[in-house]
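Residue numbers (our numbering), protein chains in the order written: chain A, 4 to 246; chain B, 17 to 409; chain C, 514 to 832; chain D, 840 to 1131. Glycine included, C-beta positions come from ideal geometry on N, C-alpha and C. Keep in mind the model is a prediction, meaning the values are calculated, not measured. Before any comments, here is the structure.
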Amino acid sequence: MADHILVVRGVRRVFGGVEALKGVDLDVVRGSVTGIIGPNGSGKTTLFQVISGMDRGATGSVMLDGREILGCRPYFVYQCGLARTFQLSRVFPQLTVLENLIVAARRHDRGARSRALELLERVKLEAYNEVLGSDLSYGQQRLVEFLRVLMSDPSVILLDEPAAGVNPTLRATLWDMVRHLNGLGTTFVIIEHNMDVISDLCQEVYVLSEGEVIARGSRRSVATNSCSRRISGSGAAHERFAA
Amino acid sequence: MSRFKALLSMFVVCVAAQTLSVALADSKEFVVGASVALSGKYARTGQEQLHGFQMWVDDVNARGGVLGRKMRLVHYDDESKPEVGAKLYEKLITQDKVDLLIGPYSSAVTMAASTVAEKHNFPMVSSGASSAKIWERGYKNTFGLYTLAEVYMDPILEFAKNNGLKTVALIYENTAFPRSVAAGVRTKATALGMKVVFDEEYGKASTDFSSMILKMKAIKPDMVIGGSYLPDSTAFMRQARENRLYAKIFAFAVGPGLPDFGKNLGADANGVMGNTQWEPELKIPGAGEFSKKYKAKYGHEPGYHAGGGYGAGQVLEAAVTRALSVDRDKVRKALYELDIVTTFGRFKVDGTGKQIGKPAYAVEWINGEREIILPKDAATHDPVFPFQDWSKR
Amino acid sequence: MLSKHASLASAAVLVVILAVAPAVLGEYYLSFLTQLLMMVALAQAWNTISGMTGYVSFGHATFFGMGSYAAALLLPLGVPWWACLIAGALVALALSVPLGFLTLRLRGPYFAIAMLGLNEVARVFVTLWVDLTGGGSGITLSPELLPSLTTSYYTMFLIAVAATVIVAAIYHSRFGLELRAIREDEGAAEMVGVNTTRDKLAAFVLSALIPGAAGAVLVMYTSYIDPAAAFAPAVNIQMIVMVMFGGSGTVWGPVLGAGLVMGLREVFWAEFPAAHLMLLGVLLLSVVLFLPGGLMALFTRRKLVRPEVAAGPQERPDG
Amino acid sequence: MALFEPTILLQLLIAGLLTGSLYALLASGLNLVFGVMRVINIAHAEFMLLGAYLAWVLYVYANVHPLLSLFIVVPAVFGIGWVLERTLIEHVVGRPLLTSLLATYGVSIIMVNAGLLVFASDFKSVPQLQGAIVIGELAISKPRLVAGVLAVILTFAVYLFLEITRLGKAVRAVAEHPHVATICGIDVQRIRMLTFALAVAMAAAAGVMLTMIYSFSPDTGADFIQKCFAIIIIGGMGNFLGAFYGGVLLGVVEAFVGGFGTTQWAEAVAYLLLVLVLLIRPTGLKGMADVK
């Protein structure tokens, strides 16, 4: 039995009359990189919202390291060691890059500043310390957002389409960071609708469609699974799966 | 940065100009200080009051001044706010170093201003406050000019009693002055053996009396008395007509005493009684002459606020003449001793500075004119009684 | 930002000037300064909640009025004036906790208008509770109970300094950083571990304390209070205008704004008695349109540190 | 108690409905502007007073009946609104809430004090269309009846304009999604000018009718705007019809609270209702969340 750090059971979320999540199960192995793919509207982001506590209207169970976090407020979930990024970058526009990072550190972390400087140096953004978040390019914003969640040394990081809108150089930097951190034991869950992007990274992939997990397994097994064919009717998605 | 400098220099220049103008003032004149409500809720009345002050200053100076010295008026806008009033009296006394003080308009601002005057032991003739509470604080320097709010409605209540009316519906705004009027009505009605069958307060913002009127209709009071100002008394009468509320007497504080009451209501004003501190038609020496001059100068009939402004000046003039100086202690002593009749009426105060000499006058709108009906010796017209029912108009 | 030294030096100079002011100035100027310092305190209080967290309150006069009434009711009972002052602050504090829980769930215009509504509810409540408050007749305090003008002045001075120190301390602290993060993006702040509910409530409570104390001092200065003056919507607006004039979310903005607006008012009002408020309106419009960061933006020259753009330095309004 | 008689209940209901529809006319304009531009126009009630003063001037100097002057005043204020939006309000659209609040507050201060300079603070009123229609025990105020009915007609005319016409649909499109509207070829700035002008013209129409009902002075606006705020929260911010329902609801509740309680409580009712709505349903009766 593998060691699961994040276990999602029967998560159900209804908006008005629409069931966005119809009882999703998820088992994330400690130290793994897990992918979640699916077309737009399949409920990927809603799932992240529920897990991270941003959306507290769901039923079911989300266990982080054996502790129920469903219904907990996001700051608490974060303090429990689960961090996330957003689909569209949400850096604090009128805070400097450095402040953006420091605010995400744990409250009594005295080494926050040096840690932030170190992280910025690693991605070669050290020259931007005092720049306002709003003055960064979009790719840089995504990177800063990613660095931000590293400030608290989380054990699980959820990334919501991290590569979207990022130029290839920055994307490479991003993936290097993910690999590096994963090597150090951090668990990642990554949402993508482009399979290619994460195929090298993920040990396991879940396919979400219309609020249900319709397939799970290794990248290869998912790609050949008949279920995933069924959902990949839309042109672009089909191409990607076929690749 | 340059913008900031520009603003700063503007500020400095203005302050300098102001200081200079004070320094250059003629030291051979007496300076009278007052704060006037030129903006805010009392601006209308404040403006008239100011005209009254100014006319008095002009008249005094035309006569050659007091004790051989000219008068000069220094006034500021207190925005009808107590805290601004307090600050201004501080300014008048300590910075402008005025020789004489006239009080502000409204009981609320006077409450704050009189504390400042008291602190400096500076006698102040209050020309626009009538709430008895002002004189219940043991102050020695506040001299009332107006008939007290508490006795405003006395002549009308006595008249009602004599005509056999028994029940009173009382409504009033929830601020200092109207509440004082209401308190006076309750006391007087009880003393006369009349019964207050309806007693309700309303907020300043309230201009909708429909619900109140419907409740009154169910009770059918003999008379309706309002502790009110102009807008609320106007609104009430209008809605009384719309809802067919009938009583034998409708009487309101302030509102019917002003020309605008008739302008805003048209024929519906007829038969409504009110009270006034003063009317141009009053048989008081100088009143007619004053109103003629006032009308020539400002283009409209003076209301009682203007008369009060002028009267306050005359009281100060008399006090200074009696004291033979503007020394504060002497002026205060003179004010306590004075018993004179100004254009505004009799001035005589008791040991607390409260006005006791001036009677309350009642007016009634008759055929589109505001007539004095009570007391009898001052009346310009007999009271028209009872109020004519709406359906018969 | 202003350099730290310049900032501290100007603070020191200002404090010394204000501390010796009573010895030099006449009572009128003292009176004026007392009201100016009150506005500084109120502006800083508003700055604490609205400037820092972006929760625009239109109802902080609620706390101001409650403080006034607490003092006005206690003073005649023989309670010393300084204890009334503390009582004013405590009443505001006690009130702010439930009100904060109630209103801080709301965002943007909802919060702003809810606060305005609470201010009205408080006013009506005080007006209707005639037995305790005297209703619309207000409360008059006899002069022998009141502290001297100099005492009021120094008390107001201390409150203003305390308010400014609180804002400065918050601004440079981790707590302040969290508050600014909330202002920028509350959801994202929550998602990086900021307990937004606790932070907002803490800021709200701090921002209520100061008006409570200032209200208590004001009533001792005017000797008279009624519901209309205690819960005046104009007070709400004044706090906001002064902060915006100076620069919202900054330490010195409210001080500068209060000083300038009160000063200009004084001048306008002497020079253009009929139109002074209109001129103030024009001034307000100009600041809003042409200087959105407030006057502090004039002092703030943020060096352009974005490496790939090699253009010369440019001014940036600093919220 | 005599209050429970059906005639009195009916009378209260009618009084409430009539006052309420005037509130509704005023508040729905305010809400339209908020919906389309995300600007809370603090000066909204000052435009009502502008309408009232124009009607008063026309009555006093040219003896024009207020109902006739509607045809002059409303287009005039529409024009003023159009110009003001173009020159001023346009610059604060899209800026933080506080910026637009302060800008419109500046406009409000200027308008109130200009009003004081021109008209002084006398309370004005136009004694036309006075009295009541009496049906048995019922007495219905003539000016209120006319104002109430006209208010309902005007509000629904604007509502139909928004629902049916192409231009109206464009306005709604801008309210829902200004960015998408731009892409679809809608001249967003023009729509904003139209919206603002339309809203202040509605306020002015309310003002014209006000002259026959209340006495007003340049600073009467404060009471109305605060009630409007309460109404749009109760009805749901940005929702045109929500404000209409909110206004009517407030009028009726005020009348009944005034009837069974006191008028002072009636005054507080707007704010108590507001707090209550925010507690139970923070987006109001018909909040934005529902619209989308």
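Quickly, what does DSSP pair B/A243 with across the bridge? List them, please. Within the second sequence, numbered from 1, the residue matching residue 243 of chain B stands at position 227. Note that residue 243 of chain B corresponds to Gly in the displayed sequence, not to Ala. BP columns for B/G243 point to B/Y188.
For B/Y320, return the contacting residues in chain D, with the cut-off set at a CB-CB distance below 7 Å. Stepping through the second sequence from its first residue, residue 320 of chain B is reached at position 304. Simply none; closest approach about 15 Å.
Rounded to whole angstroms, what's the CA-CA distance from D/V1087 to D/G1024? Just pull it up for me. Position 248 of the fourth sequence, counting from 1, holds the residue named residue 1087 of chain D. Position 185 of the fourth sequence, counting from 1, holds the residue named residue 1024 of chain D. In a straight line, the C-alpha of D/V1087 is about 37 Å away from that of D/G1024.
Given that a residue counts as buried once 16 or more other Cβ atoms are within 10 Å of its Cβ, and exposed if not, what is D/L1118? In the fourth sequence, counting from the first residue as 1, residue 1118 of chain D sits at position 279. Per the 10 Å Cβ criterion, exposed.
Cut-off 6 Å between Cβ atoms - residues of its own chain near D/V946, not counting five sequence neighbours on either side: Along the fourth sequence, read from residue 1 onward, the residue named residue 946 of chain D stands at position 107. Within the same chain, D/V946 has close Cβ partners A882.
Provide the residue(s) that pair with A/S212 in DSSP beta bridges, ordered along the chain. Against the first sequence, residue 212 of chain A aligns to sequence position 209. A/S212 pairs with A/E215.
Compare the Cα-Cα distances from B/R362 to each of B/A285, B/K156, B/G160, B/G49 and report the closest residue. Counting from 1 along the second sequence, the entry for residue 362 of chain B is found at position 346. Answer by Cα proximity: B/G160.
Would you please state the rounded distance, in angstroms, between the beta carbons of B/M71 and B/Y310? I believe it to be under 8 Å. If you number the second sequence from 1, residue 71 of chain B lands on position 55. If you number the second sequence from 1, residue 310 of chain B lands on position 294. Yes, B/M71 and B/Y310 are in contact; Cβ-Cβ is about 6 Å, under 8 Å.
Would you call the CB atoms of B/L281 and B/V288 closer than 9 Å? Working through the second sequence from its first residue, we reach residue 281 of chain B at position 265. Working through the second sequence from its first residue, we reach residue 288 of chain B at position 272. For B/L281 and B/V288, yes; Cβs fall inside 9 Å.
Nonlocal neighbours in the same chain, by C-beta distance under 6 Å from C/A600, ignoring five residues either side: Residue 600 of chain C sits at position 87 when you count from the first residue of the third sequence. Same-chain partners within the cutoff: A583, L587.
Could you name the residues of chain C that A/P77 contacts, counting a contact when the two beta carbons are closer than 7 Å? Sequence index remark: in the first sequence, residue 77 of chain A carries index 74 (1-based). Within chain C, the residues near A/P77 are E703, M704.
DSSP state of A/T189 mapped onto helix, strand, coil: What you label residue 189 of chain A is simply residue 186 of the first sequence in a count that begins at 1. Coil.
Any chain C beta carbon closer than 9 Å to D/T938: In the fourth sequence, residue 938 of chain D corresponds to position 99, counting from 1. Yes, its Cβ sits closer than 9 Å to a Cβ of chain C.
What separation, rounded to the nearest whole angstrom, lies between the Cα atoms of A/D112 and A/R12? Position 109 of the first sequence, counted from the start, is the residue given in the question as residue 112 of chain A. Position 9 of the first sequence, counted from the start, is the residue given in the question as residue 12 of chain A. Going from the Cα of A/D112 to the Cα of A/R12 covers about 34 Å.
So, is the C-beta of D/V1092 closer than 9 Å to a C-beta in chain B? The count along the fourth sequence starts at 1 and reaches residue 1092 of chain D at position 253. Output row for D/V1092: interface = no.
I want to verify the contact list: residues of chain A whose CB lies under 9 Å from the CB of C/G700, in sequence order. In the third sequence, the residue the question calls residue 700 of chain C occupies position 187. The answer, in chain order, is M57, P77, F89, R93.
Give the range of the alpha helix (DSSP H) segment to which A/D28 is assigned. Taking the first sequence and counting its residues from 1, the one referred to as residue 28 of chain A is at position 25. Looking at the DSSP string, A/D28 is not in any alpha helix (DSSP H); the run it does join, the beta strand (DSSP E), is 21-32.
Under a three-way DSSP split, which group does B/I300 fall into? Counting from one through the second sequence, the residue named residue 300 of chain B turns up at place 284. It is coil, neither helix nor strand.
Once DSSP output is grouped into helix, strand and coil, what is the label at A/E164? Looking up residue 164 of chain A in the first sequence gives position 161. It is coil, neither helix nor strand.
If we count the other Cβ atoms within 10 Å of its Cβ and call it buried at 16 or more, is C/Y734 buried or exposed? Reading the third sequence from its first residue, position 221 is the one you call residue 734 of chain C. Buried, by the Cβ-count rule.
Looking at the structure shown, is B/M169 part of a helix, part of a strand, or coil, going by DSSP? Taking the first residue of the second sequence as 1, we reach residue 169 of chain B at position 153. If DSSP states are grouped into helix, strand and coil, B/M169 belongs with coil.
Best match in B/T206, B/S226, B/G219, B/V184 for proximity to B/T191 [C-alpha to C-alpha]: Here residue 191 of chain B is taken as the residue at index 175 of the second sequence, counted from 1. B/T191 has its Cα closest to that of B/G219, out of B/T206, B/S226, B/G219, B/V184.
What number of angstroms, rounded off, separates the C-alpha of C/L641 from the C-alpha of D/G918? Numbered from 1 along the third sequence, position 128 holds the residue referred to as residue 641 of chain C. Numbered from 1 along the fourth sequence, position 79 holds the residue referred to as residue 918 of chain D. Spanning the two alpha carbons is a distance of roughly 44 Å.
Using beta carbons (cut-off 9 Å, strictly below), is D/S964 in contact with chain G? Absence of chain G from the displayed structure is noted, the protein chains being A, B, C and D.
Let me know the beta strand (DSSP E) ranges lying completely inside the stretch 968-1043 of chain D, each 3 residues or longer, listed in chain order. 971-974, 977-980
Near A/Q90, what residues of its chain come up, given a Cβ to Cβ distance below 7 Å and the 5 sequence neighbours on each side ignored? Here the question's residue 90 of chain A lines up with position 87 in the first sequence. Hits under 7 Å: T48, D163, E164.
Could you give the first and the last residue of the continuous beta strand (DSSP E) run that contains A/L67? The sequence position of residue 67 of chain A within the first sequence is 64, counting from 1. Looking at the DSSP string, the run of the beta strand (DSSP E) that includes A/L67 is 62-67.
Residue-level contact to chain C via CB, B/T368, 9 Å cutoff: Numbered from 1 along the second sequence, position 352 holds the residue referred to as residue 368 of chain B. So, not an interface residue.
In terms of DSSP beta bridges, what is D/K963 paired with? Residue mapping note: residue 963 of chain D aligns to position 124 of the fourth sequence, counting from 1. D/F1055, per the DSSP bridge assignment.
Residues near B/A334 by beta carbon distance below 7 Å, same chain, minus five either side: Translated into positions along the second sequence, residue 334 of chain B becomes position 318. Excluding positions up to five away in sequence, the list reads L354, I356.
Listed from N- to C-terminal order along the chain, which residues in the stretch 1006-1026 of chain D have their beta-carbon within a distance smaller than 7 Å of any beta-carbon of chain B? none
Return the CA-CA distance between D/I1052 and B/A251, expressed in angstroms with no decimal places. Sequence index remark: in the fourth sequence, residue 1052 of chain D carries index 213 (1-based). Sequence index remark: in the second sequence, residue 251 of chain B carries index 235 (1-based). Looking at the two C-alpha atoms, the distance is approximately 8 Å.
How about B/A165 and B/S147: do their beta carbons lie closer than 9 Å? One-based indexing of the second sequence puts residue 165 of chain B at position 149. One-based indexing of the second sequence puts residue 147 of chain B at position 131. Yes. Within cutoff.
Please confirm if C/V801 has its CB atom under 9 Å from at least one CB of chain D. Reading the third sequence from its first residue, position 288 is the one you call residue 801 of chain C. Yes, because at least one Cβ of chain D sits closer than 9 Å to the Cβ of C/V801.
Please tell me whether, using a cut-off of 8 Å, the distance from the CB of B/N286 to the nearest non-hydrogen atom of the ligand SAM is below it. Because no ligand of any kind appears in the structure shown, any question about the ligand SAM cannot be addressed here.
Going by beta-carbon coordinates alone, are A/N103 and A/G136 separated by less than 9 Å? Within the first sequence, residue 103 of chain A is the residue found at index 100, counting from 1. Within the first sequence, residue 136 of chain A is the residue found at index 133, counting from 1. Yes, these two residues count as a Cβ contact at 9 Å.
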